[in-house]
Ligand code: CO
């Protein structure tokens, strides 16, 4: 049980095509593909960087949490995600240690992963996602 490596960094963007062109053509990163996460109202472009990914997130509707983030904070880094083992047990341990959980139980995320978010008020402003 525990955190193993960085899974991905999520970046909130307004214009997905423009940003995909930047990461692909200017930074030279490998585009793995696109995915739509319907219940979060987001479209995601996924780039590979070694063992980790960069995920560009753009809202597909105004109810999207990413739309709210863009309104409040503008474009930029939205969350940091770690790959973990034993996610249920890890969440239990974190709760015992007084960490505020947005998700008490794992829920389905992109590409078949199970995910849970920790609240930024107990992670010093970093929205933190745990994946398994
Ligand atoms: Co994520």
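Numbering (this note's numbering), first residue to last: 3 to 134.
Glycine included, each C-beta is placed from N, C-alpha and C at the ideal position.
Residues of its chain near residue i, where Cβ-Cβ distance is below 6 Å and the 5 sequence neighbours each way are ignored
{"i": "residue 124", "result": "101 and 102"}
{"i": "residue 5", "result": "84 and 86"}
{"i": "residue 131", "result": "81, 83, 117 and 119"}
{"i": "residue 56", "result": "11 and 49"}
{"i": "residue 107", "result": "none"}
Coil, strand or helix - residue i by DSSP
{"i": "residue 94", "result": "helix"}
{"i": "residue 78", "result": "strand"}
{"i": "residue 51", "result": "strand"}
{"i": "residue 13", "result": "strand"}
{"i": "residue 39", "result": "strand"}
{"i": "residue 128", "result": "coil"}
{"i": "residue 1", "result": "The shown model of the chain, from 3 to 134, leaves out residue 1, and the question about it has no answer."}
{"i": "residue 110", "result": "strand"}
{"i": "residue 87", "result": "strand"}
{"i": "residue 29", "result": "coil"}
{"i": "residue 44", "result": "strand"}
{"i": "residue 23", "result": "helix"}
Burial state of residue i, where buried means 16 or more other Cβ atoms lie within 10 Å
{"i": "residue 15", "result": "buried"}
{"i": "residue 63", "result": "exposed"}
{"i": "residue 29", "result": "exposed"}
{"i": "residue 98", "result": "exposed"}
{"i": "residue 95", "result": "exposed"}
{"i": "residue 46", "result": "buried"}
{"i": "residue 44", "result": "buried"}
{"i": "residue 88", "result": "exposed"}
{"i": "residue 112", "result": "buried"}
{"i": "residue 13", "result": "buried"}
Cβ neighbours of residue i in the same chain (closer than 8 Å, five flanking residues each side left out)
{"i": "residue 18", "result": "45, 47, 58 and 60"}
{"i": "residue 34", "result": "48, 49, 50 and 55"}
{"i": "residue 23", "result": "none"}
Check your understanding: Whose CB is closer than 5 Å to a heavy atom of the ligand CO? List the residues in chain order.
Key -> 12, 83 and 131
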